[in-house]
Structures are given as C-alpha cells and as structure tokens.
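First up is the structure itself, then whatever we jot down about it.
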Amino acid sequence: MLASSIYPLAINAQNIGQTSQPLIVKKSTIWQEKNISVCWENAGNNNTERNWVRDAIARTWEKESTIRFVNWGNCQADTKGIRILIDDVRPHTKGLGNNLDGKKNGMVLNFTFANWTGAVNGKELCQNGGRSPSGFNSPNRIASTTEQEFCVKVIAAHDGLLLDDNN
Numbered sequence: 001m002l003a004s005s006i007y008p009l010a011i012n013a014q015n016i017g018q019t020s021q022p023l024i025v026k027k028s029t030i031w032q033e034k035n036i037s038v039c040w041e042n043a044g045n046n047n048t049e050r051n052w053v054r055d056a057i058a059r060t061w062e063k064e065s066t067i068r069f070v071n072w073g074n075c076q077a078d079t080k081g082i083r084i085l086i087d088d089v090r091p092h093t094k095g096l097g098n099n100l101d102g103k104k105n106g107m108v109l110n111f112t113f114a115n116w117t118g119a120v121n122g123k124e125l126c127q128n129g130g131r132s133p134s135g136f137n138s139p140n141r142i143a144s145t146t147e148q149e150f151c152v153k154v155i156a157a158h159d160g161l162l163l164d165d166n167n
C-alpha cells in the first residue's frame, strides 16, 4: 500500500498526537503482490532525497503491513510497479493502487518546491531536511484533502504516528 504525492518533512516536526481510524480502500485497486517494484524515471543528483523516500516507506508502509517496496533503481521502458518522476510541480499520482502498475510518470514527487508551493507555503511547511517525503501514499489510498492537511498528516507519519491517507 502506498500513496500518491510525497513532500519532504520538516526536521523539527512536533508530536501532534495519535489517531485510530478504519482504513477505507477501493478493493479493486489493491496490489495483489506483496513485493511492489519502485523505480525512478529521472534519478539524478538527488540520492539523499530518494533515500528519504525509501526510509519513509520503510518506517510507515513496510512497518505496518506485509507489503515490501523493492528494486528502487532507474526505470526502463518496460518497468512494472510504481514509476516515480521527480519534478517541481504539485506531487500527485495518475491513479490509485495497482492502477499505477507500469504507468510512466505514475507518481510525481517534488523534492525542491522551488517553483511550486501549492495552497500553503510548501518551502516552510513541507520542505526537505525531513526524513519523509509526501506522496508515497496513493498507490493504495483514497481521496485527497487540502495541501495543508496533507502536510500535517505526512509530518505525523514521519514520527510513525499514522499512515497518511491523503494525496
């Protein structure tokens, strides 16, 4: 299970508490495989940020489920699984769950927020320096809310308090 957009988290995220809610899932989009391949469409000189993504997934999705995200190499033309493009645009996915399987640029993550900051000040609220990106939350998640709500939930996920269910 994975989710759509990924923002790097703030270094000094505050503990905002815990919540327990039932998970709402669109059953037809659940990955049947327990090992989901992940690749980078345009991996460049951003190894630190890509490691934040891997670390965030290990501390959230992999810790709380039996799903494992594997490979994490460069995408090839026929690569299946989750294909991540790094771009300075609104983080998003082009589908949910297994609808992302092999979809070119299926997940788009923003590591810099140099040009796109969305509905909130992305550079201050969701920018790097943290250990978790925002967005690895749509491969098996449902609807989205505002960017600010998303950032708050991602920061909570960074502290291992909850898994984000936002875009």
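One point on numbering: in this note's numbering, the residue at position 107 of the sequence shown is 107, and numbering is uninterrupted. Quick reminder that beta carbons are idealized off the backbone N, C-alpha and C, glycines included.
Strand pairing of residue i, partner residues [DSSP]
| i | result |
| --- | --- |
| W222 | Since the displayed the chain opens at 1 and closes at 167, residue 222 lies outside it and no answer follows. |
| F69 | I36 |
| V108 | L85 and H92 |
Three-state class that DSSP yields for residue i in the structure shown
| i | result |
| --- | --- |
| T93 | strand |
| N51 | helix |
| N99 | helix |
| S28 | helix |
| A58 | helix |
Best match in the options for proximity to residue i [C-alpha to C-alpha]
| i | options | result |
| --- | --- | --- |
| I36 | T19, S20 and T66 | T66 |
| D101 | N115, I84, N47 and L109 | I84 |
| W31 | R50, V89, G97 and N71 | G97 |
| N51 | G73, S28 and E33 | G73 |
| N47 | I86, G106, F113 and H92 | I86 |
| K103 | W40, T60 and D55 | W40 |
| I82 | T19, P22, S20 and G106 | G106 |
| N99 | F111, K80, R90 and T112 | K80 |
| K34 | F111, N110, D78 and W61 | W61 |
Residues of its chain near residue i, where Cβ-Cβ distance is below 6 Å and the 5 sequence neighbours each way are ignored
| i | result |
| --- | --- |
| F69 | I36, V38 and I57 |
| A43 | N74 |
| K94 | K103 and G106 |
Cβ shell of residue i (< 7 Å), same chain only, five flanking positions each side left out
| i | result |
| --- | --- |
| A114 | D88 |
| R54 | W72 |
Contact test: residue i Cβ vs the ligand GTP heavy atom, cutoff 7 Å
| i | result |
| --- | --- |
| T19 | Within the structure as shown, the ligand GTP is missing, as the structure has no ligands at all. |
Close Cβ partners of residue i (< 8 Å) along its chain, the five nearest in sequence each way excluded
| i | result |
| --- | --- |
| Q76 | C39 |
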